[in-house]
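Scroll down for the structure; my scribbles are underneath it.
In this note's numbering, the protein residues as written are 1359 to 1514.
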């Protein structure tokens, strides 16, 4: 025989145990992923949020690149599904593949609304160097923002 107060106590203890266990599991999942650079579905969901700081920065500084990345992510995800690759990872990687354009967005045609093409005032060597450098710049940003290695691979 269990009294009502004992049943309430056992119920509360069981509920607390469930909350604590779930919290510890989520924290452990996140910490192990971060420590060993394991890309988890939770991490991918975090990176896929439109309000992620890098995504917001891209919308503000390089809106054309942001739009381009969304289009590429849709195509890349469909291609990944067709060949049995990791579709969600592919989508997220495509979101960030051109993040290096944040350093000098106006040098990329998708971010220019109107006006003078800055490449027209440069020699071809300098112009090509700026365009090519968006990969190196993207990797620097990715390391600074601690993006997972597998997402960085899409930038490279």
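Note that CB positions come from ideal geometry on N, CA and C, so glycine has one too.
Buried versus exposed, by CB contacts within 10 Å (16 or more), residue i
i	result
residue 1482	exposed
residue 1513	buried
residue 1452	buried
residue 1434	buried
residue 1429	exposed
residue 1511	exposed
residue 1375	exposed
DSSP state of residue i mapped onto helix, strand, coil
i	result
residue 1474	coil
residue 1427	helix
residue 1442	coil
residue 1420	coil
residue 1448	helix
residue 1375	helix
residue 1514	coil
residue 1381	helix
residue 1393	helix
residue 1361	coil
Span of the alpha helix (DSSP H) around residue i
i	result
residue 1482	1482-1502
residue 1463	Segment: none, residue 1463 is in no alpha helix (DSSP H) and carries neither H nor E.
residue 1404	1399-1406
Review point. Is the segment 1419-1429 touching the segment 1452-1463 in the sense that three or more CB pairs, one from each, lie closer than 8 Å?
Key: yes
Point to revise | Inter-stretch contact at 8 Å, needing at least 3 Cβ pairs: the segment 1452-1460 / the segment 1491-1503 | key: yes
Check your understanding: How about the segment 1503-1513 and the segment 1393-1405: do they share at least three Cβ pairs that are nearer than 8 Å?
Key -> yes
Review point. Can at least three beta-carbon pairs, one atom from the segment 1437-1448 and one from the segment 1478-1495, be found at a separation below 8 Å?
Key: no
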